[in-house]
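Please read the structure below before turning to the comments.
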Amino acid sequence: MSGAVLLAWAGAFLLGLAVWLALAGRPRQAGDWLAGSGYAVLLGLLACGGLVALSPQAPGAQLFAATLPWLALALTAAACAAFWRWRREAPALAPSGRLSPRLPYWCGLLLLAVLLRFVVLVDEAVLRPVFVWDAWNAWSLKAKTWFELGQVSYINPLQWWEPLSTGSHTALAWRYPELLSRVELYLAAAAGAWNESAVGLAWPIVWAALLCGCAGQWLALGMNRLLVLVLTYVLASLPLLSVHAGLAGYADLWVATALSFGVLAWLRWRQSRDRGQLALAVLCLLLLPLLKFEGAVWSLLVLGLALGVEMPPRWRWIGLAAAAGLVLLVLLAAWLLQMPWLALVRDTISGATGGSSDISRSSAALAFATGLFGQSNWHLLWPLLLGCMLWQRQHLRGEPGTLALLLGGGLAALFCLFVFTPAAKWAASETASNRLVLHWVPLAVSLLGLLLREFRWPGHTASETAH
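Residue numbers for the sequence shown follow this note's numbering, so the first one is 384 and each next one is one higher.
Dropping the structure here:
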């Protein structure tokens with residue numbers, strides 16, 4: 384690994400850490416630093432992807448050098464904000480002298496298994512090229528084109544044929560959000576060539592960041608160390624999540640990470656009213672539409688639920704009407720501005736993107752249910768979650784109830800998409816449906832932990848957390 388690549392990763396991590404500190408403030412609870420390390424990776428890489436767009440004319444070989452001044456400026460500003468926030472807040476209370484009970488010896492085996500999985504995923508991502516068709520077509524194509532030719536614009540194929548379109552390019556996925564492509568461009572520019580090993584390394588690292596960020600937030604939400612370690616192993620062992628970390632190129636792992644980080648930060652805000660966690664939640668939810676179109680739907684879903692939960696009962700109908708009006712206003716503005724994401728949604732629902740109406744609704748519903756309960760994509764996560772919800776139903780209030788409602792809404796939206804629209808083709812082929820379910824899997828594991836938070840584990844009490 385070259386010095387420029389190390390500098391690129393260090394700069395991204397430090398920038399993300401500074402942004403996290405500026406928003407979340409001085410770490411005060413168990414797991415805050417662990418959570419911060421996960422958030423730092425995601426926020427830093429996405430910020431660097433945005434900085435790359437500030438030097439559109441620089442060719443790939445010189446792009447990293449052209450981005451460094453912007454990176455230094457952003458890092459300085461974020462560090463100053465973090466320092467101000469750190470000085471402004473009182474020091475955290477010293478931990479009590481009570482020692483937390485020692486974890487069983489087999490917990491070390493779980494941690495070792497997670498570390499070994501990470502090593503294997505890094506090996507897979509570094510040695511394999513980006514060969515998955517959707518990953519190449521939707522994100523890597525733009526990144527490689529920009530590296531070779533500069534950051535040219537991508538336009539509608541019909542417009543591309545016009546004489547005035549000189550210098551523009553087109554692709555099947557020309558309408559897709561471009562932030563992830565710019566992250567790939569940033570990493571390739573640091574490598575000095577279109578090096579898919581350098582680009583693909585981001586995926587297993589984001590996988591590790593997802594584990595760290597979720598584990599830290601779980602600790603802060605009151606789960607004990609034993610439960611957090613078991614949940615981390617459960618999340619790390621899920622087959623389809625590992626596939627998306629090892630076969631680099633898809634945006635779904637990034638969407639799952641941003642969605643999970645945003646929702647967990649929101650749950651922490653609901654628990655402690657920490658405005659820093661609310662700011663983190665808002666930032667993560669704002670990033671979702673920049674990663675994938677589905678991210679906009681998930682952001683609106685979380686926003687709608689948040690308004691419904693936080694508003695007094697007498698204002699909820701007014702808030703619901705206001706939210707519906709806002710959605711209609713956004714759709715109208717997108718239609719008037721001819722924004723590409725609206726056309727993609729229209730084409731997906733109408734079947735113009737290749738969906739088929741020949742699939743019966745019962746077949747599509749069965750295929751969707753099979754993806755959750757009958758395949759090895761998720762081991763036994765979904766049956767386990769349903770059983771735990773029945774067993775611990777008395778705890779389905781507060782944060783667990785809110786998260787269960789959100790998770791149910793997300794899965795219901797996917798069910799309607801893949802059963803009642805021509806997108807049923809992708810449920811029957813068990814491709815896109817499983818990838819979109821992946822967005823909600825870390826939150827499903829989080830719900831499992833919240834339901835078991837009060838369970839009396841061997842050697843622990845319900846209130847014990849790590850210090």
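All C-beta atoms in this analysis are idealised placements derived from N, C-alpha and C, irrespective of residue type, glycine included.
query, result
"Flag this pair as yes or no: are the beta carbons of Leu504 and Trp586 separated by less than 9 Å?", "yes"
"Taking the alpha-carbon positions, what's the Trp774 to Ser682 distance?", "30 Å"
"Relative to the C-alpha of Val388, which residue among Glu579, Val665, Ala787, Trp544 is closest?", "Glu579"
"Are the region 412-429 and the region 596-609 touching, with three or more C-beta to C-beta distances below 8 Å?", "yes"
"Using only alpha-carbon positions, find the residue among Trp761, Leu788, Leu562 that is nearest to Leu428.", "Leu562"
"Can you have a look at Ser536 and say buried or exposed, based on whether 16 or more other CB atoms are within 10 angstroms of its CB?", "exposed"
"Mind checking whether Leu630 and Ala815 have CB atoms under 9 Å apart?", "no"
"Pro484 to Leu609, Cα distance in whole Å?", "10 Å"
"What residue range is occupied by the uninterrupted alpha helix (DSSP H) comprising Arg608?", "608-620"
"Report the three-state DSSP secondary structure of His552 (helix, strand or coil).", "strand"
"Under a three-way DSSP split, which group does Tyr537 fall into?", "strand"
"Quick one: Cα of Met694 to Cα of Asn520, how far?", "43 Å"
"Any idea what DSSP makes of Trp761, helix, strand or coil?", "coil"
"Measuring straight from C-alpha to C-alpha, what distance separates Glu786 and Arg651?", "A small fix is needed here, since residue 786 is Leu in this sequence, not Glu. C-alpha separation (whole angstroms): 12 Å."
"Pull up the distance between the alpha-carbon of Cys667 and that of Leu425, whole angstroms please.", "9 Å"
"Put Arg656 into one of helix, strand or coil per three-state DSSP.", "coil"
"Compute the Euclidean distance between the alpha carbons of Leu826 and Lys527, then round it to the nearest angstrom.", "33 Å"
"Quick check on this structure: which residue in Val611, Ala413, Tyr422, Leu673 has the alpha carbon closest to the alpha carbon of Ala405?", "Tyr422"
"What is the DSSP secondary structure of Phe838, counted as helix, strand or coil?", "coil"
"Give me, in chain order, the residues of the same chain whose beta-carbon lies closer than 6 Å to that of Leu624; leave out the 5 immediate sequence neighbours on both sides.", "none"
"State buried or exposed for Arg470, treating a residue as buried only when at least 16 other CB atoms are found within 10 Å of its CB.", "exposed"
"Pull up the distance between the alpha-carbon of Leu397 and that of Ala457, whole angstroms please.", "10 Å"
"Label Gln445 either buried or exposed according to how many other C-beta atoms from any shown protein chain fall within 10 Å of its C-beta, with 16 as the threshold for buried.", "exposed"
"Can you tell me whether His772 is helix, strand or coil according to DSSP?", "The sequence as given places Met at residue 772; His does not occur at that position. Correct three-state label for Met772: helix."
"Measure the beta-carbon distance from Leu593 to Ser643 and round it to whole angstroms, keeping in mind my assumption that it falls under 8 Å.", "7 Å"
"For Tyr633, which of helix, strand or coil comes out of DSSP?", "coil"
"Could you give the residue range of the alpha helix (DSSP H) that holds Pro452?", "443-471"
"Counting Cβ pairs closer than 8 Å, one from the region 761-779 and one from the region 818-832, do we hit at least three?", "yes"
"Check Ser385 in the structure and name its three-state DSSP category.", "coil"
"Are the CB atoms of Gly414 and Val611 nearer to each other than 9 Å?", "yes"
"Ala673 and Leu767 look like a contact to me (Cβ under 8 Å); what is the Cβ gap, rounded to whole Å?", "According to the sequence shown, residue 673 is Leu rather than Ala. Rounded, the Cβ-Cβ distance is 33 Å, inconsistent with contact."
"Grab the span of the alpha helix (DSSP H) containing Ala436 for me, first residue to last.", "Per DSSP, Ala436 belongs to no alpha helix (DSSP H) and is neither H nor E."
"With DSSP run on the structure shown, which of helix, strand or coil describes Leu779?", "coil"
"My understanding is that Ala455 touches Ala449, with C-beta atoms under 8 Å, so please give their C-beta distance in whole angstroms.", "About 12 Å; that fails the 8 Å criterion."
"Please report the distance separating the alpha-carbon of Phe756 from that of Leu794.", "13 Å"
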